[in-house]
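There are 2 protein chains.
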Amino acid sequence: MASAATPPSTLPPPPRDFHGLYRHVAPHMEALNRFMRAEVENFEPEIREMAAYCLDTTGKRLRPTLVFVSGWRGPGVFSDDLVRAAGVVEMVHLATLVHDDIMDRAEIRRSRRTASREYGPDAAVLLGDALFSQALHIASQFPTTEVCRLVSESTRKVCSGEIMQTLRRRDITISLAEYRRMIDLKTAELFRVSCFLGARLAGYAPAFVTAADAFGRHLGIAYQIYDDLVDFAGEEERVGKTLGTDLATGKLTLPLMLLLERVSPEEKAAIIAALRGGQPLGLAASRQRMRDLGIGPGVVQAIEDELAHAAARLAPFSGEPATPLMTQLGDMLRSQVTALLPSAGAV
Amino acid sequence: MASAATPPSTLPPPPRDFHGLYRHVAPHMEALNRFMRAEVENFEPEIREMAAYCLDTTGKRLRPTLVFVSGWRGPGVFSDDLVRAAGVVEMVHLATLVHDDIMDRAEIRRSRRTASREYGPDAAVLLGDALFSQALHIASQFPTTEVCRLVSESTRKVCSGEIMQTLRRRDITISLAEYRRMIDLKTAELFRVSCFLGARLAGYAPAFVTAADAFGRHLGIAYQIYDDLVDFAGEEERVGKTLGTDLATGKLTLPLMLLLERVSPEEKAAIIAALRGGQPLGLAASRQRMRDLGIGPGVVQAIEDELAHAAARLAPFSGEPATPLMTQLGDMLRSQVTALLPSAGAV
Numbered sequence: 001m002a003s004a005a006t007p008p009s010t011l012p013p014p015p016r017d018f019h020g021l022y023r024h025v026a027p028h029m030e031a032l033n034r035f036m037r038a039e040v041e042n043f044e045p046e047i048r049e050m051a052a053y054c055l056d057t058t059g060k061r062l063r064p065t066l067v068f069v070s071g072w073r074g075p076g077v078f079s080d081d082l083v084r085a086a087g088v089v090e091m092v093h094l095a096t097l098v099h100d101d102i103m104d105r106a107e108i109r110r111s112r113r114t115a116s117r118e119y120g121p122d123a124a125v126l127l128g129d130a131l132f133s134q135a136l137h138i139a140s141q142f143p144t145t146e147v148c149r150l151v152s153e154s155t156r157k158v159c160s161g162e163i164m165q166t167l168r169r170r171d172i173t174i175s176l177a178e179y180r181r182m183i184d185l186k187t188a189e190l191f192r193v194s195c196f197l198g199a200r201l202a203g204y205a206p207a208f209v210t211a212a213d214a215f216g217r218h219l220g221i222a223y224q225i226y227d228d229l230v231d232f233a234g235e236e237e238r239v240g241k242t243l244g245t246d247l248a249t250g251k252l253t254l255p256l257m258l259l260l261e262r263v264s265p266e267e268k269a270a271i272i273a274a275l276r277g278g279q280p281l282g283l284a285a286s287r288q289r290m291r292d293l294g295i296g297p298g299v300v301q302a303i304e305d306e307l308a309h310a311a312a313r314l315a316p317f318s319g320e321p322a323t324p325l326m327t328q329l330g331d332m333l334r335s336q337v338t339a340l341l342p343s344a345g346a347v
Numbered sequence: 001m002a003s004a005a006t007p008p009s010t011l012p013p014p015p016r017d018f019h020g021l022y023r024h025v026a027p028h029m030e031a032l033n034r035f036m037r038a039e040v041e042n043f044e045p046e047i048r049e050m051a052a053y054c055l056d057t058t059g060k061r062l063r064p065t066l067v068f069v070s071g072w073r074g075p076g077v078f079s080d081d082l083v084r085a086a087g088v089v090e091m092v093h094l095a096t097l098v099h100d101d102i103m104d105r106a107e108i109r110r111s112r113r114t115a116s117r118e119y120g121p122d123a124a125v126l127l128g129d130a131l132f133s134q135a136l137h138i139a140s141q142f143p144t145t146e147v148c149r150l151v152s153e154s155t156r157k158v159c160s161g162e163i164m165q166t167l168r169r170r171d172i173t174i175s176l177a178e179y180r181r182m183i184d185l186k187t188a189e190l191f192r193v194s195c196f197l198g199a200r201l202a203g204y205a206p207a208f209v210t211a212a213d214a215f216g217r218h219l220g221i222a223y224q225i226y227d228d229l230v231d232f233a234g235e236e237e238r239v240g241k242t243l244g245t246d247l248a249t250g251k252l253t254l255p256l257m258l259l260l261e262r263v264s265p266e267e268k269a270a271i272i273a274a275l276r277g278g279q280p281l282g283l284a285a286s287r288q289r290m291r292d293l294g295i296g297p298g299v300v301q302a303i304e305d306e307l308a309h310a311a312a313r314l315a316p317f318s319g320e321p322a323t324p325l326m327t328q329l330g331d332m333l334r335s336q337v338t339a340l341l342p343s344a345g346a347v
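Which chain is which? The protein sequence lines are A and B, in order.
Mapped onto this note's numbering, the consecutive letters of the first sequence carry residue numbers 1 to 347.
Mapped onto this note's numbering, the consecutive letters of the second sequence carry residue numbers 1 to 347.
So this is what it looks like as structure tokens:
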């Protein structure tokens, strides 16, 4: 088992087949899909069609997967509580997507029109609010206030991270520590709480719940760095969302930060001027520069570091049923990075 | 005591002095102001200044007043639960204002810049989300999930009402029943839950809690009709917010609905064409037409009807300490209407 000090290169290579993991979570995931379809009926009749559009089941369901995997107790063990908790975190996430797409002026998400494009930005603001509210309403159906308390706090942190990033668009003075804090809040927070809730609701001992919480946080940071890399290196058709929006909206992410570190002072000044002037950087041009300068390995290293930390937190719990599945999640992300950048120097 | 069948004209004239009511709620209101200032510290450091801007204490604190009045048990009876519940509903309300002002492109609220104008609409979307989240986080600090459950459901309904109104801008086919449903959701719902929570947390018997709930709903509908009237008839300097936004954004409210009923077919066609074409109606011109056609009395009658229903629900509970204060709230609204339209024909 990897520890925090283990160099990422000694981690096992990613398995080629993750069907085991999907098969394991399938009963819970199918129950979640039924749960989300039934949730549509809890919205006022006049907005049900819009709610259904946002709750559509074509998403990756990453956060529910975290809940189900962290709460895994063995084959045949089914828990309605896990399904409900997964519904809460997924609905919070879908609400944030609706609002993110307004701000990013994104038109396409999951290969179809965003809610903002479909219903207009004004209705999308309110629709996101209704989804947030309903997520907390589901959370309030647990016997105690714990889920409400944790999820409402996480949601506030997610929004705070997004605010920081929004207010600092086109600001090239952002430090690596500040970038890390922003992605910790805007992404890792909901990963963290998903893993916490899964382990906790499945009745795991407090020490494992704490480890699952930390695992989720590191995995979330790794995932967001990967997502920022996709925005540079992905192909729009394959990923199914508008790419290059970070560059177009002047969001400073790790790939761009590394690029700025490595270019000549003249090129740096030109990029900064374009960012500050509100002009989009030429996406193709900067992708080419990323490749020329070998930015890929630096970004991949940052992802690997987080995955190593995540694995290290689980190391003392190798005997728990959930641990192998959680470890597989880290491996899956690593294999996605590899698929994106067959050689780390490709971007 | 008025009953639902009592003609509004037989209701007692509004008292000239409401200091009694303000004096009664003052200890709770001062505690709320301290509570809201302390709440700022619970936001992430990077967004505290923005949160403080939104939680500023210059608002009317209408919904907290409803909580305190409905939960009134007598002089010297102080309840932290009432303060916390008031903090929840006020923070939900402030969040909706932040989002409303984005959609209405309003620049001024309470005689200063809106959050949207101050921080930009993108940050304001997220700031409203953070306020919503924190409101639910406060709600989760009660011993049971009841407050979370009620407030999250109310918040979803408020958003649904706003969505309906947003999607039907410039739509002149809205019926009176549809208008009523929209204001019931977008405004009366939070009034209703404020009164419910006040009475319930103060330990009143279920029958009174139900009556307080219904009282709050009717008062909320009356208040929204009044607010729609202010948008036509108020003076910007005195009211402290951008007026005429309903007309400018094509929102069909009761004054405009009555106007459309009473104008000639030609004038109706011209107003509809202006609304549908996305052109603002000339505010001054339509105000003048409202006066000429005596729209005021019809609007005032609708307000009086709701106030009569509200009073009727309290009639069986005249012996409860909260009842006289709640009745005063209805009287206050009536006196505000009178102040706005010294003669009901003025608009």
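For glycine and all other residues, C-beta sits at the position ideal for the given N, C-alpha and C.
Could I get the ranges of all uninterrupted beta strand (DSSP E) runs contained in the stretch 154–189 of chain A, with 3 residues as the minimum, in chain order? Taken in chain order, the whole beta strand (DSSP E) runs of length 3 or more contained in the stretch 154–189 of chain A number zero.
Judging by CA-CA distance, which residue of 251/A, 83/A, 78/A and 305/A is the nearest neighbour of residue 331/A? Of the candidates 251/A, 83/A, 78/A and 305/A, the one whose C-alpha sits nearest the C-alpha of residue 331/A is 305/A.
Give the DSSP bridge partners of residue 102/B, in chain order. Beta bridge pairing from DSSP links residue 102/B with no other residue.
Proximal chain B residues relative to residue 137/A, where beta-carbon distance stays under 7 Å: 149, 152, 153 and 156, listed in chain order.
Consult DSSP for residue 23/A and reduce its assignment to one of helix, strand or coil. Per DSSP, reduced to three states, the secondary structure at residue 23/A is helical.
With 8 Å as the threshold, decide whether the Cβ of residue 123/A is near any Cβ in chain B. Yes, residue 123/A lies at the interface with chain B (some Cβ there is under 8 Å from its Cβ).
In whole angstroms, what is the alpha-carbon distance linking residue 231/A and residue 252/A? About 12 Å.
Let's see if you can read the secondary structure: which residues bound the alpha helix (DSSP H) around residue 144/B? Neither: residue 144/B is in no alpha helix (DSSP H) and is coded neither H nor E.
Taking a cut of 7 Å between CB atoms, which residues from the stretch 81–109 of chain B lie near chain A? Correct list: 99, 102 and 103.
Does residue 44/B come within less than 8 Å of chain A when only Cβ atoms are used? Cβ-Cβ to chain A under 8 Å: yes for residue 44/B.
Any chain B beta carbon closer than 8 Å to residue 129/A: Residue 129/A counts as touching chain B.
Contact between the stretch 148–157 of chain A and the stretch 134–154 of chain B: three or more CB pairs below 8 Å? Taking a cut-off of 8 Å on C-beta distances, the stretch 148–157 of chain A touches the stretch 134–154 of chain B, as three or more cross pairs fall below it.
Any beta-carbon of chain A closer than 8 Å to the one on residue 172/B? Residue 172/B does not count as touching chain A.
For residue 262/A, three-class secondary structure by DSSP: Reduced to three states, the DSSP call for residue 262/A is helix.
Residues of its chain near residue 121/A, where Cβ-Cβ distance is below 6 Å and the 5 sequence neighbours each way are ignored: Result list for residue 121/A: 102, in chain order.
With a 10 Å radius around its C-beta and 16 neighbouring C-beta atoms as the bar for buried, classify residue 9/A as buried or exposed. Because the pLDDT of residue 9/A is 38, which lies under 50, any placement of that residue in the model is unreliable, and the number read from its coordinates should be weighed accordingly. By the neighbour-count definition (other C-beta atoms within 10 Å, threshold 16), residue 9/A is an exposed residue.
Positions along the stretch 47–58 of chain A whose CB lies within less than 8 Å of some CB in chain B: For the stretch 47–58 of chain A, which is checked against every Cβ of chain B, the residues closer than 8 Å are 47 and 50.
By how many angstroms is the C-alpha of residue 224/A removed from the C-alpha of residue 340/B? The alpha-carbon atoms of residue 340/B and residue 224/A are separated by roughly 54 Å.
Measure the C-alpha to C-alpha separation of residue 160/B and residue 164/A and round it to an integer number of angstroms. Spanning the two alpha carbons is a distance of roughly 28 Å.
Across which residues does DSSP place residue 108/A in a beta bridge pair? DSSP lists 113/A as partners of residue 108/A.
Residues, ordered as in the chain, of the stretch 162–188 of chain A that lie near chain B by beta-carbon distance below 8 Å: Within the stretch 162–188 of chain A, the residues whose Cβ lies closer than 8 Å to some Cβ of chain B are 162, 163, 164, 166, 167 and 185, listed in chain order.
So, does the stretch 100–117 of chain A touch the stretch 142–149 of chain A, judging by three or more C-beta pairs under 8 Å? Flag = no, the stretch 100–117 of chain A and the stretch 142–149 of chain A do not touch.
Proximity winner among 22/A, 48/A and 260/A, relative to residue 290/A (alpha-carbon distances): Of all alpha-carbon atoms in 22/A, 48/A and 260/A, the one lying nearest the alpha-carbon of residue 290/A is that of 260/A.
What are the start and end residues of the alpha helix (DSSP H) that includes residue 62/B? For residue 62/B, the enclosing alpha helix (DSSP H) covers residues 62–70.
Closest by CA to residue 227/B, which one among 157/B, 70/B, 302/B and 87/B? Per the Cα distances, 302/B.
So, does the CB of residue 144/B fall closer than 8 Å to a CB anywhere in chain A? Interface residue (Cβ-Cβ distance to chain A less than 8 Å): residue 144/B is classified as such.
Interface residues of chain E around residue 68/A at Cβ under 9 Å? Going by chain labels, chain E is absent from the structure shown, which instead holds the protein chains A and B.
Whose Cβ in chain A lies nearer than 9 Å to the Cβ of residue 132/B? Contacts between residue 132/B and chain A, judged by CB atoms closer than 9 Å, involve 129, 132, 133, 136, 152, 155, 156 and 159 in chain order.
Validate contact between the stretch 176–185 of chain A and the stretch 50–68 of chain A using beta carbons, cut 8 Å, 3 pairs: No, they do not touch.
4 or more residues per run - each alpha helix (DSSP H) lying fully within the stretch 202–229 of chain B: Taking only runs of at least 4 residues, no alpha helix (DSSP H) segment lies wholly in the stretch 202–229 of chain B.
Span of the alpha helix (DSSP H), counted from its first residue to its last, around residue 304/A: Counted as a single uninterrupted DSSP element, the alpha helix (DSSP H) harbouring residue 304/A occupies residues 295–314.
Enumerate in chain order the residues of its own chain whose CB-to-CB distance from residue 210/A is below 8 Å, with the five nearest sequence positions on each side excluded. The answer is none, since no qualifying residue turns up.
Which of the three DSSP states, helix, strand or coil, is assigned to residue 318/A? DSSP places residue 318/A in coil when its eight states are reduced to three.
In or out: residue 325/B buried (at least 16 other Cβ within 10 Å) or exposed? Residue environment analysis places residue 325/B among the buried positions, since at least 16 neighbouring C-beta atoms fall within 10 angstroms of its C-beta.
Any beta carbon of chain A sitting closer than 8 Å to that of residue 252/B? Chain A contact via Cβ: absent.
Less than 8 Å between C-beta atoms, sequence neighbours within five positions excluded: which residues of the same chain meet that for residue 333/B? Answer for residue 333/B: 219, 222, 223, 226, 303 and 307, listed in chain order.
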